[in-house]
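Novice:
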Amino acid sequence: MSVPSQPTVPSSVNEQPAHVPMTMSTGTSSLTEYNAPLASSLPVNLPPSRYPIAADQFQPPGYGHSGQSPGAGSEGGSDGRSQTTDAAHLEASFPNNYPLYNWTMPYKPAMYSGIPSIPPLAYFYRPHRLDDVAPRERIMHIIGVFFDLVYPLTPCIHRPSFMADLANRREERDPLFFALVMSTVASTLVQAPRSYIPMDRPSVRRLAQQCHEASRHITVASYDPPTSMMVVIRYFDTCYHFCEGHDATSHAAFGEAAHIAVTLHMHEEASYEGLDPIECEVRRRTFWLLFGADKSMSILLGRPICLRDEDCTLHFPKEVDDEYITLNGIQPQPHGKTAIVSGLNYTSRIFALLGEILVRVRVDKRSPPQGPFATARLEEVRSLHTRVCSALMHAPPALRMKPNPGRHGSKGLGYSSIPGQPDEYGGAGFRKAAFAEVKDFFDNPNASRVNATDPYLVMQANLYVTQQLVRYVIEQYRDELVSSMRQSSTDNYDPEALRSVTSEDREQIAIDLLNVLHSIPIQSIATNGPSLVHKVRFVASTLLDAVRKAETAPASAARAHAYLWDFLSILSEIERNYLLDDDQDGGLSDHAGAISV
């Protein structure tokens with residue numbers, strides 16, 4: 001292979017390329033010629049459009065003399081300037097927006113004595129201690145809050161082995177495990193009600209950010225080889241950024257989690273052969289959490305789906321609690337005891353149905369069905385509607401919502417109204433009581449937490465709200481089909497009749513969702529956090545259409561308006577209490593700064 005006699009070698013700091021002679025020889029003269037223009041260009045300021053990147057600090061193999069950095073062979077370097085001057089200039093020219101690296105390191109050769117000129121990133125690892133971030137007791141308290149409140153909805157950690165590793169201080173020997181602990185703490189801090197954390201809001205936010213950054217600094221160098229632990233870390237990072245309102249960063253973290261999972265073939269059942277039981281179940285749970293989050297974000301944010309149901313051959317996780325899963329095998333779940341992961345499995349079934357709907361919606365947008373194909377599609381919609389409404393009918397009793405006397409009946413929720421009972425919600429009295437309970441829950445560390453720490457009540461709220469969300473999507477889809485068929489004047493079809501049924505069904509969804517909010521304790525609803533708030537608010541938009549039609553349907557509009565205020569008043573109070581800014585308190589949270597363990 002021939003080598004050009006005059007290649008162009010772009011400088012890492014100059015806009016103009018430097019033309020230097022280059023031969024296959026490794027002699028000192030060639031290296032000197034190679035180094036001279038690069039060293040002389042170091043003091044030049046970067047143009048404003050150039051961003052510093054981690055690679056800028058590294059040099060090619062053999063760069064310099066005897067393994068030394070530029071300028072290390074003499075007092076002043078190749079252009080007579082001192083190391084201190086060059087280092088100070090670099091610090092001024094390169095803002096420290098990538099804290100993992102210290103830009104002055106190449107100018108301190110004594111610190112790198114005996115290592116290669118391009119050390120592996122693993123060289124920069126050092127033992128990590130929880131006490132370097134926060135007192136260990138505080139970290140352990142936050143992890144306890146995670147297992148009490150967050151874990152039932154996101155059971156992607158094997159609790160016995162995780163706690164055993166913490167007891168053995170694995171984080172001091174395994175940087176990736178330290179990153180997992182940090183991401184777990186960060187995501188918990190932004191999802192837990194503040195009465196559970198003995199810190200004021202600004203301190204909670206600072207600690208959450210510090211934990212996230214500690215995790216991030218390790219994981220940027222931990223992509224290869226891919227691991228399930230890395231997927232869990234990025235999933236927790238997604239939750240952290242979502243709750244903090246970092247939308248683009250949250251989506252980026254989710255994309256990393258999903259693609260690392262696919263790289264591990266976590267969506268294929270065949271890839272689980274030969275894995276130990278703990279690894280198998282952690283992977284299954286994590287993938288189905290990603291699958292559900294993918295569908296939820298697709299609906300709430302209007303994004304294309306990433307993980308398609310037809311690409312997945314993975315089985316659902318085994319409905320067994322963590323203490324019965326060991327490296328040696330999986331013991332049977334005790335009879336009559338509902339496993340925590342059951343909630344994830346039923347939610348995943350609902351999201352799988354949502355995936356089927358989304359595929360049809362995407363296909364029909366590209367090529368709208370006509371004539372008999374449209375009629376066939378409506379039949380599919382009816383079938384999907386039936387399957388969604390019956391998705392929870394066979395759920396374990398612990399996950400089944402109990403009828404609330406005095407509320408509207410619902411075939412979608414699996415029960416009918418009780419004769420002789422009023423069909424009205426609590427109105428202003430209920431809202432006032434709900435506000436007081438929410439305030440007590442978030443502000444008072446001594447308040448009763450029985451309902452908040454009941455994992456089955458918390459999962460009920462998530463299950464039934466998700467069910468109504470998917471029903472709502474089906475009704476939207478059916479409306480679009482009916483409108484399309486009306487425009488094409490399809491024969492043997494009565495679109496007006498279906499339009500009326502759709503209107504009634506939409507109102508029933510709103511009624512059913514209010515039944516959920518009134519039948520499940522407000523603490524259990526609040527424990528679900530911002531994700532449930534987004535789902536409920538999305539469904540509440542169905543009522544706005546009825547409000548806009550006040551002239552043509554005043555009775556329906558009046559009911560919808562009343563329902564809407566019930567929705568939004570409670571939701572706004574719950575959502576406000578998850579914000580970590582002191583100026584959001586509005587004077588209602590006087591006890592937040594006085595909490596102590």
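Everything in the sequence shown is counted per the UniProt record's numbering, starting at 1 for the first residue and increasing by one.
Every residue, glycine too, gets a C-beta built ideally from N, C-alpha and C.
Small disclaimer: the values here were computed from a predicted structure and weren't measured.
(1) Excluding five sequence neighbours on each side, which residues of the same chain lie with their C-beta closer than 7 Å to the C-beta of C156?
(2) Just how far apart, CA to CA, sit F373 and Y477?
(3) What residue does the alpha helix (DSSP H) around D294 start on, and which one ends it?
(4) By Cβ distance, which residues of its chain are closer than 8 Å to S271, with the 5 residues on each side in sequence left out?
(5) Return yes when the Cβ of L176 is within less than 8 Å of the Cβ of I142, no when it is not.
(6) With Y240 as the anchor, note down where its alpha helix (DSSP H) starts and where it stops.
(7) Rounded to the nearest angstrom, how far is the Cβ of Y346 from that of A391, given a contact under 8 Å?
(8) Do you know offhand how far A433's Cα is from I570's?
(9) Whose C-alpha, out of E573, M182, A461, N515, is nearest the C-alpha of I218?
(10) Considering Cα atoms alone, identify which of E279, A526, L354, E137 is closest to N328.
(11) If we call anything under 8 Å between Cβ atoms a contact, is L513 one with V482?
(12) Whose C-alpha, out of N446, V458, I511, V388, is nearest the C-alpha of Q523?
(13) Can you check which of these residues, F441, Y578, V533, is closest to S296 by C-alpha distance?
(14) Compare the Cα-Cα distances from E256 to each of R216, P277, M199 and report the closest residue.
(15) With L207 as the anchor, note down where its alpha helix (DSSP H) starts and where it stops.
(16) What does DSSP give as the partner residues of I330 in its beta bridges?
(17) I think A452 touches F441, with their Cβ atoms under 8 Å apart; what is that distance to the nearest whole Å?
(18) Look at I509 and V539 and say whether their C-beta atoms are less than 8 Å apart.
(19) When the Cα atoms are used, what is the spatial distance from P445 to P225?
(20) Exposed or buried, what is A164 when buried is set at 16 or more other beta-carbons lying within 10 Å of its beta-carbon?
(21) Is A186 buried or exposed, if buried means 16 or more other CB atoms sit within 10 Å of its CB?
(22) Cα-Cα, which of H394, E507, E171 is closest to D132?
(23) How would you label E323, buried or exposed, when you count the other beta carbons within 10 angstroms and need 16 or more for buried?
(24) Roughly how many angstroms separate the alpha carbons of F162 and I139, rounded to a whole number?
(25) Buried or exposed for N168, going by 16 or more other Cβ atoms inside 10 Å?
(26) Rounded to a whole number of angstroms, what is the C-alpha to C-alpha distance between R387 and M199?
(27) Could you tell me the distance, in whole angstroms, from the CA atom of T238 to the CA atom of S488?
(28) Could you give the DSSP three-state label for F316: helix, strand or coil?
(29) Measure the C-alpha to C-alpha separation of T249 and H241 and round it to an integer number of angstroms.
(30) According to the Cβ coordinates, are D311 and E356 closer than 8 Å?
(31) For L517 and R537, what's the separation of their Cα atoms in angstroms?
(32) Say the cut is 7 Å; is the CB of L130 nearer than that to a heavy atom of the ligand MN?
(33) Return the chain-ordered list of same chain residues with a C-beta closer than 8 Å to the C-beta of L568, the five sequence neighbours on each side being excluded.
(34) Distance, Cα to Cα, H408 vs L300?
(35) Sorted by chain position, which residues of the same chain lie with C-beta nearer than 6 Å to Q331's C-beta, five sequence neighbours on each side aside?
Specialist: If we stick to the structure as given:
(1) V232, Y235, V282, R285, T286, L289
(2) 15 Å
(3) Looking at the DSSP string, the run of the alpha helix (DSSP H) that includes D294 is 277–301.
(4) L264, H265
(5) no
(6) Here the alpha helix (DSSP H) through Y240 covers 228–244.
(7) 7 Å
(8) 10 Å
(9) M182
(10) Comparing Cα positions, the closest option is E279.
(11) no
(12) V458
(13) V533
(14) R216
(15) 201–219
(16) I325
(17) 7 Å
(18) yes
(19) 44 Å
(20) Sixteen is the threshold: since fewer than 16 other Cβ atoms of the shown chains lie within 10 Å of the Cβ of A164, the residue is exposed.
(21) buried
(22) E171
(23) exposed
(24) 14 Å
(25) exposed
(26) 45 Å
(27) Straight through space, the alpha carbons of S488 and T238 are spaced by roughly 44 Å.
(28) coil
(29) Across the structure, T249 and H241 are spaced so that their CA atoms are roughly 6 Å apart.
(30) no
(31) 12 Å
(32) Inclusion of the ligand MN in the displayed structure is not the case, the ligand content being empty and no account of it being possible.
(33) Scanning its chain for C-beta atoms nearer than 8 Å, with the 5 sequence neighbours on each side dropped, one finds around L568 the residues R537, A540, in chain order.
(34) Bear in mind that a pLDDT of 46 at H408, under 50, signals an unreliable position, so the model cannot answer this.
(35) Y324
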